[in-house]
Structures are given as C-alpha cells and as structure tokens.
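These notes are about the structure you will find just below.
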Amino acid sequence: MTLSNEALAALVRADSVHKRVYTDPEIFALEMERIYGQAWIYVGHESQVKKTGDYHTTRIGDQDVIMVRAADGKVHVVYNRCPHKGAKVVAEGDGCTGKFFRCPYHAWTFKLDGSHLSLPLKNGLEGTCYDPANPDFSMKAVARVDSYRGFVFASQSAEGPDLKTFLGGVASSIDNLCERSPVGEVEVAGGTFRVMQKSNWKVFYENLHDTMHARVTHESSFVAAREEAAALGEMPFELLIMDGNGEPYEFWEKLELRAYHNGHGYMEGIFDPTAATRDPVSRDHFAVLSDAYGEDKARQILGMNRHNTIIYGSGSPHTVFQQFRVIRPVSVDRTMIEIQTFRLKGAPDAVFDRALTYANLINSPSSNVMPDDVEVYKRCQEGNQTRGGDWVSLHRYLGTDQETPDGMVSTNGTSELPMRNQFAAWKQYMLNPAPTRQRQAQEKEADRATA
Amino acid sequence: MQLLDRTFDVSTVPVSGASLSAEAVRRVEQFLFHEARLLDERRFAEWLALWTEDGRYWVPRFHDQANPFEQISLFWEDKMLREVRVRRVENARNWSQQPLTRSAHLVGNITIEGLDAAGHLIVRSTLQLTEWRIDQRQLAGAVFHKLAATEDGGWKIVLKRVNLVNCDDVFANLEVFI
C-alpha cells in the first residue's frame, strides 16, 4: 500500500523527522520512484567513456544503467536490460562493447544508443509484430541525459527543470573543480574505491555538513595524528589532513554553510587557502593557473575554499582534493559509496599526488577516518530500529538562518540547516508523485494492450 | 611527500637468485610466522619494530598494480602512517574498534624468490586471514616480503606487499594491518 501524502508530510517537522524515513522499506521504495525517479542524478564522468563503445555501469536509485559513448561521440544512458527476456546486457563494471551491444542470452544486438540493430533467424518472426523501429525491441534510454562540464547526469523523468537550473548554486563547485585545471578540464584517474555502509543513504548526506560530529567521532584519528606530529616535531600533509577534524567548536561555529533548493549545498573549507603561498605544491599550481587565467583569476580559483559540496541524490564533489564521493542507495539499510578521484588536466603532477594521498588517507575503506563514520552511521540505523523513541532531532540553530534568493545561508557553522534543507527537498519530492516518463510509457503500453 | 617518492623500489621481481641454507630458510619462515602472530595478538609495538626506517607497507587496490604512485591503494604506509594507525586503534575512543577486530593469520607456501637490486631478500607466501568483528570476513592473497638482513643475523621488513584475491571487492572497512 502506498503511503498517503498526509502520512508522508507528517513524518517531517520543522525541527525533527520521524525515524521511519530511515528504516521503512516502503518509504525507501517510494524514494526510488519519487526522488531517484525524478531528480537529475550523476551517472559518471565523460572521461570514463573516452572511445566509441566504452561503457560504465552504474545505478540511478534502484535502476541499473549503462553510460556509453556512441559512434556520434555523444554519451548516452540506457537501462541495462535486453527487451527480449530482460537479461542485463553487460556485466557490472567498465569496458568496451565495440560497435554495438550484444545480449549474451539470444544475441539480440543494439546500437550504442540502445536502438534495435538486429537479431538472429529473422524468418521465425515473419507475420509477428516484430519491427526494428518499434521501441519495444530496443534497449530503453533514460528519459533525459545532460552533461555539465563533462559530468553526466540523467533524469528518469521527462519533466522538471533543466540540469543547470536543477544544480543551482552548486554548479559553481563543479566550475571550481574544472577551473583548477589550466585548460578547464578534469578526468577520472587513479581508480575508484567502493565502500558499503550499513545505513540509510540519507544518513551520509546529513553527515557531510554535520560539523558537530567531527571532533567527537574522529577523536581517535586526530589525536593519533597530533601525537605523531608531536613525536616528529612537524605536521606533514599526511597528518595535517587528519588533524582538521580536531578543530575546537569555536572554529566550526565560524564556518559558513550554504543550502540551495533541491537539497543541495556546500560547506566552507577546513584548510587555509592562503597556505597556497607557503606550500610548494600550491605555489606551483598557482603559477600554472596564473599563466592560463592571470593572477587575479588564479587567486580567486584557489581561494574558493569549499569542503564538501552536496549534490542531493548524487553525492559529494570535493573541489580542493579533486574527488566525487558518489552515493548510491542499495536498500533501506545499505548504501554504497563510490569514491572517484580526478586529475586536473595540465596541472603539475604533485597536485594529483596530493589528491591520491587524500583519497588513500581520508576516504579509503582502510583510512583512519572513515571507519568511525561508518560505525556511527550503523549505530544510527540500529538505534532507530529500537522502540527507544520516534523522532530524530534537527533543531540546532533552527530559525536563525538567513534566506537568500537561491536558498539559505547559516549564521552559524554548527547549524543543522543542511539537514532541514535536505528534508524540505525530500518532502517536496515525496509529495509529488508525478509520473515519470517511464511510468507514463508503461501506462500507454498498458492502454494499448487493453484497447 | 616522502610517501610518493618514486625512487622507492616497489618491484618484487628478483634481479638475482639467493642461495640460503636449509637453516636460513627455516629462520625466514619463523620470521613470517612470528610477524603473523604479533598481528593476531595485537602486539603492534613489537610489529612496528620489525620494520626498517624507510620500510613500506602496501596493499594494492588492483590486481597486478604496478606501483602506488599513479593509482589508489588500499594501504600505502610508511613508518609515520603505520605508527598513526597503531595510535588510532589503541586510542580509547576508537568507536569502530568496539568491539575489537580479532584475526587469525595462516601463512604457508613460503618460497624464497631471490634478491632485489639492493640485495634485499624477496620472499613469497600465501595468506589466509580470518577476521571477526561483528561479521566474519575472509581475506586471502599472495604476500611478498622484502627483507633486509640485520647485523645480528635477523631480518627487518623493507616492503610488505599483500595481493588480496579480493582487492577489487566492496569493503566496509579495513582497520588493522593484514
């Protein structure tokens, strides 16, 4: 039974949410339809499919999809399903399918945009409705695909805002990531980590801008880094990036949190951008950018100091350390994180070295930082399954945030504004069961079948 | 950054053979068994002392990964980072080590491969590792040790490379040394 809009609306209060939003499989199924079925979701970066036939498999919510480079050079996103028996056409992972897709079950073939190419032994289909032009015989394309500076997003709904409008204020984080390259381009490089968390997908989004957890959850990590630095008599980069979580509350209270429509936002950086003139890697980077853009613009690019950006439903790009943590819901209590690292084309090698080190030491499954996050997420999931209370609090600095034309800005960096903003978006999506193009098509097919 | 110093020789392909007496081979085997036992008993301080000053601990993220400089790794740690990890897992507020990771290493198929360019002994072994922390996990792989002879006739680890059979798996966490 589908929950009524009244029942869904009652789960979100101004200062709290009902724990059911994290634990109820029925709500998870509705999210896959109403959030992941409508929003623009990051599929992958164009650099992951460089040549014709290259593909990258991933998921939009609970839907297996393939991002593929077609013969015309365009990137397409199609559902990973053969229209004959429904078999997944390609296995999980990345690869090159050549000039066409070929289903491993009965050798139906499809062009790289998913449209029907051929199938064996056509004479058996004479006199039937078989028609290569009929979409029933093609792999289905996701309703809308668009790319922003090489970052490919897809929406399962034919309706809704265009990608640029959807991204709103957080498009500037993608711009900044690209502009850190002197040619304005980035590419996925160095491989990706995959991490499974035993918690609901929303828990991770909330944590990304939760500044109150850093010095509590990560105490063992920053204390270890500080003890080691004291023993060494210096604080090298590897320890510095672990040390940040240990800043005092006064530091976190001064940070700016931005919240945009659709649940997006960003958090101001933890590390000092003026370190650029002190540290040799940043100095070299600055020199290359100055040559390309001029000194003022270079200073502005490296001075834009953002820590985690949130693109709600897709994940979290990190501009300074060239990452995208792609967040994929698996089930109501399982979330997969795919951590991509980017190379800035034309930037000094040492800049990529730093990104690689950051990925290894901060976001890998074997880092000294993430295991404690993963542990507390799991404890939230398990605690919320007990009868020990029904509501989850979001009340910190409620009512103090400032409204701006494109969203809200915190007056205090420990505000729970980002979580309230995410649930405002959640409610907006969940109360809007607008049929996706996919379901409209299904309805049309059903009508045709009964007519 | 020292960590990405490309002059560090990560190759585990021998450049020459090594001729060891049966007794010397036995001592190498005992060294590997002892190392495994220190990890199982969480005697991390003693484990840290098995390493040379510039020794590196490496668990590649990819099968046949050439080096830790161009691609991510599950672990790529020098002395400083090994010490940080030990400090963290021994800190009282290490939430994800409550309860602790328990492990049993089974080391076998030990072969002496030869010597590297600097004369370090390259030893290959097969590892079966059972881990328990809430869930049971099985890790396995080929381990390469590069060992430097010490003046007192013992060994120190210059490089430990663990090629996990499931290095491309989805992991929740890998908190302790493999």
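For the record, the sequence lines run as chains A and B. Following my numbering, the numbering of the first sequence begins with 8 at its first residue and continues without gaps. Following my numbering, the numbering of the second sequence begins with 115 at its first residue and continues without gaps. Where a beta carbon is used, it is the ideal one built from N, C-alpha and C, also for glycine.
Task: Pick from A:A431, A:H113, A:R427 and A:E257 that is closest to A:N214, judged by C-alpha positions - done: The residue with the shortest Cα to Cα distance from A:N214 is A:R427.
- [ ] Use the C-beta contact count for A:C89: other C-beta atoms within 10 angstroms, 16 or more gives buried, fewer gives exposed.
- [x] buried
- [ ] Could you tell me whether the Cβ atoms of A:H216 and A:L247 are closer together than 7 Å?
- [x] Cβ atoms of A:H216 and A:L247: not closer than 7 Å.
Open item on the list: Threshold first: 4 residues or longer. Then list the alpha helix (DSSP H) segments lying entirely within the segment 161–204 of chain B, N to C.
Closed with: For the segment 161–204 of chain B, whole alpha helix (DSSP H) runs of length 4 or above, ordered along the chain, are 193–204.
Open item on the list: What does the alpha-carbon distance come out to for the pair A:V149 and A:V50?
Closed with: 11 Å
- [ ] Please determine if the segment 126–145 of chain B and the segment 195–202 of chain B are in contact, where contact requires at least 3 C-beta pairs separated by less than 8 Å.
- [x] no
- [ ] Rounded to whole angstroms, what's the CA-CA distance from A:R444 to A:A36? Just pull it up for me.
- [x] With a pLDDT of 44 at A:R444, under the threshold of 50, the predicted position of this residue should be treated as unreliable, though the coordinate-derived value follows. About 18 Å.
Task: Exposure of A:N183, with buried meaning 16 or more beta-carbon neighbours within 10 Å - done: buried
Task: DSSP-derived helix/strand/coil call for A:E40 - done: Helix, per DSSP.
- [ ] Indicate whether A:V82 and A:E53 have their beta-carbon atoms separated by less than 7 Å.
- [x] In contact: A:V82 and A:E53 (Cβ atoms closer than 7 Å).
Task: From A:E241, A:E226 and A:V152, residue whose alpha carbon lies closest to that of B:R207 - done: Checked all of A:E241, A:E226 and A:V152; the closest Cα to B:R207 is A:E226.
TODO: Whole angstroms is fine: what's the gap from B:P182's alpha carbon to B:W190's?
DONE: 7 Å
Open item on the list: Counting only Cβ pairs nearer than 9 Å, list the residues of chain B close to A:S227.
Closed with: R201, R202, V203, E204, N205, A206, R207, N208, W209, S210 and Q211
TODO: Check whether the Cβ atoms of B:S210 and B:V221 lie closer than 7 Å to each other.
DONE: no
Open item on the list: Helix, strand or coil, according to DSSP, for A:S417 in the structure here?
Closed with: Three-state DSSP puts A:S417 in coil, outside helix and strand.
Open item on the list: In the DSSP output, what is A:Y256 paired with across the bridge?
Closed with: None; A:Y256 has no bridge partner.
Task: Where A:G51 sits in the DSSP three-state scheme - done: Here A:G51 sits in strand by DSSP.
Open item on the list: Going residue by residue through the segment 364–445 of chain A, where are the continuous beta strand (DSSP E) segments of at least 3 residues, counting only ones entirely within it?
Closed with: 398–400, 409–411 and 414–416
Open item on the list: Can you tell me whether A:G322 is buried or exposed? The criterion is at least 16 other CB atoms within 10 Å of its CB, across all chains shown.
Closed with: Taking every protein chain shown into account, the CB of A:G322 has 16 or more other CB atoms within 10 angstroms, so this residue is buried.
Open item on the list: With the cut-off set at 7 Å, would you say B:N205 and A:P372 are in Cβ contact?
Closed with: Not closer than 7 Å, so no.
Task: Cross-chain neighbours of B:L162 in chain A, by beta carbon under 7 Å - done: Under the 7 Å cutoff, chain A gives no residues; its nearest Cβ is about 12 Å from B:L162.
Task: chain A contacts from the segment 272–289 of chain B (Cβ-Cβ distance under 7 Å) - done: V284, F285, A286, N287, L288 and E289
Open item on the list: Could you check whether the Cβ of A:V353 sits closer than 7 Å to any Cβ belonging to chain B?
Closed with: Per the sequence presented here, residue 353 of chain A reads as Gly, with Val not at that position. Interface residue (Cβ-Cβ distance to chain B less than 7 Å): A:G353 is not classified as such.
Task: Under the three-state DSSP convention, the category B:I248 falls into - done: coil
Open item on the list: Quick check: what's the CA-CA separation for A:L126 versus A:D120?
Closed with: Each residue's alpha carbon lies about 16 Å from the other.
TODO: Taking a Cβ distance cut-off of 7 Å, strictly less, list which residues of the segment 174–199 of chain B are near chain A, in chain order.
DONE: R175, F176, E184, Q185, I186, S187, L188, F189, W190, M194, L195, E197, V198 and R199
- [ ] Check distances from the C-beta atoms of the segment 193–204 of chain A to those of chain B and list, in chain order, the residues that come in under 9 Å.
- [x] A196, G197, G198, T199, F200, R201, V202, M203 and Q204
- [ ] State the beta-bridge partners of A:Q460 as determined by DSSP.
- [x] No statement about residue 460 of chain A is possible, as the shown extent of chain A runs from 8 to 458 and does not include it.
TODO: Answer with yes or no whether the minimum CB distance from A:P372 to chain B is below 7 Å.
DONE: yes
Open item on the list: For a quick check, are the C-beta atoms of A:L459 and A:G420 less than 7 Å apart?
Closed with: Any property of residue 459 of chain A remains undetermined from this structure, which presents chain A solely from 8 to 458.
TODO: Could you tell me which residues DSSP puts in a beta bridge with B:N277?
DONE: B:A256
Open item on the list: Less than 6 Å between C-beta atoms, sequence neighbours within five positions excluded: which residues of the same chain meet that for A:P336?
Closed with: W208 and T342
Open item on the list: How far does the beta strand (DSSP E) with A:M249 in it extend, from its first residue to its last?
Closed with: Counting along the chain, A:M249 falls outside any beta strand (DSSP E), though it belongs to the alpha helix (DSSP H) covering F244 to D250.
- [ ] Tell me whether A:P139 is buried or exposed, calling it buried when 16 or more other Cβ atoms sit within 10 Å of its Cβ.
- [x] So A:P139 counts as exposed.
Open item on the list: Using the Cβ count rule (16 or more neighbours within 10 Å means buried), how would you classify A:I181?
Closed with: It counts as buried.
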